[in-house]
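> Going by the working numbering, the sequence shown opens with residue 4, and the numbers climb by one from there.
All residues carry an ideal CB built from backbone N, CA and C; glycine is no exception.
Take this structure first; my questions come after.
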Amino acid sequence: MSKQIQAIRGMNDCLPQDTPAWQYVEQILRNTVASYGYSEIRFPIVEMTELFKRSIGEVTDIVEKEMYTFNDRNGDSLTLRPEGTACCVRAGNEHGLLYNQEQRLWYTGPMFRHERPQKGRYRQFHQFGLEAFGMASADIDAEVIILSARLWQQLGLTPYVKLELNSLGSSASRAAYREALVSYLEQHKALLDEDSLRRMYSNPLRVLDSKNPALADVLAAAPQLADYLDEESKAHFTRLQQLLSRAGIAFSLNPRLVRGLDYYNKTVFEWVTTELGAQGTVCAGGRYDGLVEQLGGKATPAVGFALGLERLVLLLQSLNLLPQLAATADIYLMALGDAAELAALTVAEQLRSALPGKRIMTHCGGGNLKKQLKRADKSGAAIGLILGEDELARGEITLKWLRDDKPQQTLLITDVAAVLA
Ligand code: HAM
């Protein structure tokens, strides 16, 4: 036997028993974003590497260590998208969707990051994201967060997720803060680990994000960004908090929340759960007013988020919040004898036309009644239709209730639709 080829580590198949859960979640996401006036945008899975370097930032884990980058046959450096925001802005700029306009856009699909796989963290994972362009005030930040809260409510997750909020301020206020932070870190250099020392000058805010418990004390005493916010950012943040409170959305302020991508300013937020172990961030986002211009467009304010679909499905599974698995068929059509087998596919077509929306599965491959009934049972169908040679000659079919204790009936094939509609 030849050796089987396995899937790539961290890249998962979604098996038929799991797809109903995904479809259930995706349907709720699509319906919810539609109810806020969002339109879908689709962009390629592969982009120029430069796009992600310029948007996510050169000194970030994603760009430094996690991108799937390769040279195209003509020598261009291409990258499998590690996230959607940069792609969405690139597409928006390229097609003139952003300048002087308001856009509410959503997308979904696979993203790729070469991280160490574990529960809730994969190398190919799926995001559902949205981006709102052209609106600078805090009301749209609030609306985006209220929308995400509605998703949790629809999925039954409200008690299990918590909102963390921070403001990174303007780039000027961040520059002033950065200076203060670097000088503080310099004073405590001896206590820092290798990663933090490396980041101290290139990306000092990310040092605050360190998960190393040995650094907890020194980082807790570090200067706080909130003390350096400019007046406009402070007012924006205060307004956002008022709007969320008015909408009844609980949040906690987390001054250490800086996010792993460089494009953010002002609002950043994460929805976290304690039910998933280490990979507890289900949804994350914020404002990125500089990115459109940074990628060659005209200055356009923007805010958005993305959620991890694997994490959402895992969370729903672990909390038992998924609806029962749907059967694959409503009606299972069996045929006994050559003439009936010959007619079965055509009868099934007539029934599909007469019963739109019903899932009709035809037994293929012959066999006796016992075998066919066994397959009918496995399909989950509630109704079995049995076509026999004699019945066929009379234009009749037998209806057998597979889940109910009701007597079987003989019907004219032309009457089946009326009985089962
Ligand atoms: P992010 O925080 O890098 O943000 O990713 C968003 C979400 O994607 C995470 O909260 C998590 O649920 C999921 N995720 C990320 N990496 C993995 C992984 N390796 N395996 C499984 N799930 C993962 C962004 O990507 C931004 N583009 C979000 C955004 C949109 N900001 C503004 N607009």
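1. Buried or exposed: which applies to Ile48, given that a residue is buried once 16 or more other Cβ atoms fall within 10 Å of its Cβ?
2. Is the beta carbon of Gln127 less than 8 Å from the beta carbon of Gly13?
3. If we count the other Cβ atoms within 10 Å of its Cβ and call it buried at 16 or more, is Ser248 buried or exposed?
4. Taking the continuous beta strand (DSSP E) assigned at Cys91, which residues delimit it?
5. Check each candidate in Asn215, Tyr163, Val261 and Val285 and name the one with the smallest Cα separation from Leu322.
6. Just list the beta strand (DSSP E) runs in the region 165 to 247, keeping only unbroken ones of 3 residues or longer that don't cross its boundaries, in chain order.
7. Just mark Ile416 as buried or exposed, buried being the case when its beta carbon has 16 or more other beta carbons within 10 Å.
8. Just to check, is the beta-carbon of Leu279 closer than 7 Å to a non-hydrogen atom of ligand 1?
9. Between the alpha carbons of Gln30 and Arg406, how many angstroms are there, rounded?
10. In the DSSP output, which residue or residues are listed as bridge partners for Cys286?
11. In chain order, which alpha helix (DSSP H) runs of at least 4 residues are fully inside the region 41 to 69?
12. What are the boundary residues of the beta strand (DSSP E) that includes Pro23?
13. Mind checking whether Gly137 and Met114 have CB atoms under 8 Å apart?
14. Starting from Thr401, follow its DSSP beta bridges and name the residues at the other end.
15. Just tell me which of Asn15, Met364, Ile386 and Pro326 has its CA closest to the CA of Leu158.
16. Going by other Cβ atoms of all chains shown within 10 Å of its Cβ, with 16 needed for buried, is Thr277 buried or exposed?
17. Do Gln190 and Ala309 have their beta-carbon atoms positioned less than 8 Å apart in this structure?
18. Can you grab the Cα-Cα spacing for the pair Ala346 / His117, in whole Å?
19. Between Ser174 and Asn268, how many whole angstroms is the CB-CB distance? I'm expecting something under 8 Å.
20. Let me make sure I understand the geometry here. Which of Val271, Phe73, Pro120 and His98 has the alpha-carbon closest to that of Leu171?
21. Indicate, with yes or no, if ligand 1 has a heavy atom lying under 7 Å from the CB of Phe131.
22. Report yes if the C-beta distance between Thr365 and Glu394 is below 8 Å; otherwise report no.
23. Spell out the partners DSSP gives Glu134 in its beta bridges.
24. Could you tell me if the beta carbon of Arg465 falls within a distance shorter than 7 Å of some heavy atom in ligand 1?
25. Taking C-beta to C-beta, are Gly95 and Gln106 nearer than 8 Å?
26. Would you report the Cα separation of Leu168 and Gln9, rounded to the nearest angstrom?
27. Relative to the alpha-carbon of Gly112, which residue among Asn74, Leu358, Lys122 and Cys91 has its alpha-carbon at the smallest distance?
28. So, helix, strand or coil for Tyr102, using DSSP?
29. Starting from Ser5 and walking both ways along the beta strand (DSSP E), at which residues does that stretch end?
30. Which value, in whole angstroms, describes the spacing of the CA atoms of Met51 and Gly299?
31. Over what stretch of residues does the alpha helix (DSSP H) that includes Ile149 continue unbroken?
32. If I'm right that Val62 touches Val306 with Cβ under 8 Å, what's the distance once you round it to whole angstroms?
33. Are the CB atoms of Ile363 and Leu354 within a distance shorter than 8 Å?
34. Could you name the residues of the same chain whose beta carbon sits closer than 7 Å to that of Glu344, not counting the 5 residues immediately before and after it, in chain order?
Per the coordinate set shown:
1. One-based indexing of the sequence shown puts residue 48 at position 45. Its Cβ having fewer than 16 others within 10 Å, Ile48 is exposed.
2. To locate residue 127, count along the sequence shown from 1; it is residue 124. To locate residue 13, count along the sequence shown from 1; it is residue 10. In this structure, Gly13 lies closer than 8 Å to Gln127 by Cβ.
3. Taking the first residue of the sequence shown as 1, we reach residue 248 at position 245. Its Cβ having fewer than 16 others within 10 Å, Ser248 is exposed.
4. Counting from one through the sequence shown, the residue named residue 91 turns up at place 88. Segment Thr88 to Glu97 is the alpha helix (DSSP H) holding Cys91; no beta strand (DSSP E) there.
5. In the sequence shown, residue 322 corresponds to position 319, counting from 1. Closest option to Leu322, Cα to Cα, is Tyr163.
6. Every beta strand (DSSP E) of 3 residues or more that sits fully in the region 165 to 247 is shown, in chain order, as 165 to 170.
7. The sequence position of residue 416 within the sequence shown is 413, counting from 1. Buried, because 16 or more other Cβ atoms sit within 10 Å of the Cβ of Ile416.
8. Against the sequence shown, residue 279 aligns to sequence position 276. No, since every heavy atom of ligand 1 falls outside the 7 Å radius drawn around the Cβ of Leu279.
9. As a working mapping, residue 30 is identified with position 27 in the sequence shown. As a working mapping, residue 406 is identified with position 403 in the sequence shown. Whole-angstrom Cα-Cα distance: 28 Å.
10. Working through the sequence shown from its first residue, we reach residue 286 at position 283. DSSP output for Cys286 lists Trp274 and Leu310 as bridge partner(s).
11. 52 to 59
12. As a working mapping, residue 23 is identified with position 20 in the sequence shown. Where Pro23 is concerned, there is no enclosing beta strand (DSSP E), although the alpha helix (DSSP H) it sits in stretches over Thr22 to Ala37.
13. Numbered from 1 along the sequence shown, position 134 holds the residue referred to as residue 137. Numbered from 1 along the sequence shown, position 111 holds the residue referred to as residue 114. Not closer than 8 Å, so no.
14. Locating residue 401 in the sequence shown gives position 398, counting from the first residue. Answer is Ile389 and Thr413.
15. For this step, residue 158 is matched to residue 155 along the sequence shown. Out of Asn15, Met364, Ile386 and Pro326, Pro326 has the C-alpha closest to the C-alpha of Leu158.
16. What you label residue 277 is simply residue 274 of the sequence shown in a count that begins at 1. With fewer than 16 other Cβ atoms within 10 Å, it is exposed.
17. Against the sequence shown, residue 309 aligns to sequence position 306. Against the sequence shown, residue 190 aligns to sequence position 187. No. Outside cutoff.
18. Taking the sequence shown and counting its residues from 1, the one referred to as residue 346 is at position 343. Taking the sequence shown and counting its residues from 1, the one referred to as residue 117 is at position 114. Approximately 53 Å, taken between the alpha carbons.
19. Position 171 of the sequence shown, counted from the first residue, corresponds to residue 174. Position 265 of the sequence shown, counted from the first residue, corresponds to residue 268. At roughly 6 Å, the Cβ-Cβ gap stays under 8 Å, so Ser174 and Asn268 are in contact.
20. Here residue 171 refers to the residue found at position 168 of the sequence shown. For the residues Val271, Phe73, Pro120 and His98, the minimum Cα distance to Leu171 belongs to Val271.
21. For the purposes of this step, residue 131 is identified with residue 128 of the sequence shown, where counting begins at 1. Incorrect: Phe131 has no Cβ contact closer than 7 Å to ligand 1.
22. Counting from one through the sequence shown, the residue named residue 365 turns up at place 362. Counting from one through the sequence shown, the residue named residue 394 turns up at place 391. In this structure, the beta-carbon distance from Thr365 to Glu394 does not fall below 8 Å.
23. Here residue 134 refers to the residue found at position 131 of the sequence shown. BP columns for Glu134 point to Leu108 and Gly307.
24. Since the first residue of the chain shown is 4 and the last is 424, residue 465 is not available in this structure.
25. Counted from its first residue, the sequence shown places residue 95 at position 92. Counted from its first residue, the sequence shown places residue 106 at position 103. Cβ atoms of Gly95 and Gln106: closer than 8 Å.
26. Working through the sequence shown from its first residue, we reach residue 168 at position 165. Working through the sequence shown from its first residue, we reach residue 9 at position 6. Each residue's Cα considered, the two are about 41 Å apart.
27. Within the sequence shown, residue 112 is the residue found at index 109, counting from 1. Of the listed residues, the one whose Cα sits closest to Gly112 is Cys91.
28. Along the sequence shown, one-based indexing puts residue 102 at 99. Of the three classes helix, strand and coil, the one that applies to Tyr102 here is coil, per DSSP.
29. Locating residue 5 in the sequence shown gives position 2, counting from the first residue. Taken as a continuous stretch (DSSP letters only), Ser5 belongs to no beta strand (DSSP E), as it is neither H nor E.
30. The count along the sequence shown starts at 1 and reaches residue 51 at position 48. The count along the sequence shown starts at 1 and reaches residue 299 at position 296. One C-alpha to the other measures close to 14 Å.
31. Reading the sequence shown from its first residue, position 146 is the one you call residue 149. First-last of the alpha helix (DSSP H) with Ile149: Ala141 to Leu158.
32. Locating residue 62 in the sequence shown gives position 59, where the first residue counts as 1. Locating residue 306 in the sequence shown gives position 303, where the first residue counts as 1. That pair is no contact at about 24 Å.
33. For the purposes of this step, residue 354 is taken as residue 351 along the sequence shown, with counting starting at 1. For the purposes of this step, residue 363 is taken as residue 360 along the sequence shown, with counting starting at 1. Yes, Cβ-Cβ distance for Leu354 and Ile363 is below 8 Å.
34. The residue labelled residue 344 in the question sits at position 341 within the sequence shown. Excluding the 5 residues flanking it on each side, Glu344 has same chain C-beta neighbours closer than 7 Å at Ala338 and Gly369, in chain order.
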